[in-house]
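K.L.:
Residue numbers (UniProt numbering): 1 to 111. Cβ atoms here follow ideal geometry from the backbone N, Cα and C, with glycine treated the same way. Would you mind keeping the following structure in view while I ask a few things?
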Amino acid sequence: MSTSNDLYAVADFCLIPMGTGEPSVAGYIAECQRILEKSGLKYKMHGYGTNLEGPWSEVTKAIHDCHLAVHAQGAPRIATDIRIGTRTDREIAPGTGNEAKVKRVEDILSK
Numbered sequence: 001m002s003t004s005n006d007l008y009a010v011a012d013f014c015l016i017p018m019g020t021g022e023p024s025v026a027g028y029i030a031e032c033q034r035i036l037e038k039s040g041l042k043y044k045m046h047g048y049g050t051n052l053e054g055p056w057s058e059v060t061k062a063i064h065d066c067h068l069a070v071h072a073q074g075a076p077r078i079a080t081d082i083r084i085g086t087r088t089d090r091e092i093a094p095g096t097g098n099e100a101k102v103k104r105v106e107d108i109l110s111k
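Here it is in C-alpha cells:
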C-alpha cells in the first residue's frame, strides 16, 4: 500500500533465474508476469525485461513478489538488474510514465 509521501517510480527490471539447469527461463518469467498482473501496477514486458511503474513501495514489492514466486518454482538463485527513475519537478499521471518518455522522443523524431 502506498503512503502519501511515496515517490512515483518508473522502473525497468530484468529478473534472471540462475541454477535451473535449462537455457530457457520463459516459464519463470511467465510466473513473474502473473505476479505483476495481480499487483495492479502498469507493466509491459519486452525482450530483455519489464517496464513497471507506480508508487515506489508497490513497485519494489512487486519485484520482491516476483523473486518469491520464481524461487517457489525451483530457481535456487536469481539476479535482478533494476533501474528506477523518479522526478519531483512535474506530476506524472499514474500509468503514463513510460509511455510519456517514449512519446516525447517519438515527437522529436517526427519533426
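#1: Between S39 and chain B, is the shortest Cβ-Cβ distance under 8 Å, so that the two count as touching?
#2: Got a sec, what are the start and stop residues for the alpha helix (DSSP H) N98 sits in?
#3: Identify, in the order they occur along the chain, each residue of the same chain with its Cβ nearer than 6 Å to the Cβ of N51, setting aside the five sequence neighbours on each side.
#4: Looking at C-beta atoms only, is the number of pairs between the region 65-74 and the region 8-22 that lie closer than 8 Å three or more?
#5: Measuring alpha carbon to alpha carbon, tell me which residue in R77, V70, T96 is nearest G19.
P.N.:
This is what the structure holds:
#1: Within the model displayed, chain B is absent; a lone protein chain is all it includes.
#2: Where N98 is concerned, the enclosing alpha helix (DSSP H) stretches over 97-109.
#3: If the five residues before and after N51 are omitted, its C-beta is found closer than 6 Å to the C-beta atoms of D12, K44, N98, all from its own chain and listed in chain order.
#4: Inter-segment contact for the region 65-74 and the region 8-22 is present: three or more beta-carbon pairs are separated by less than 8 Å.
#5: The residue with the shortest Cα to Cα distance from G19 is R77.
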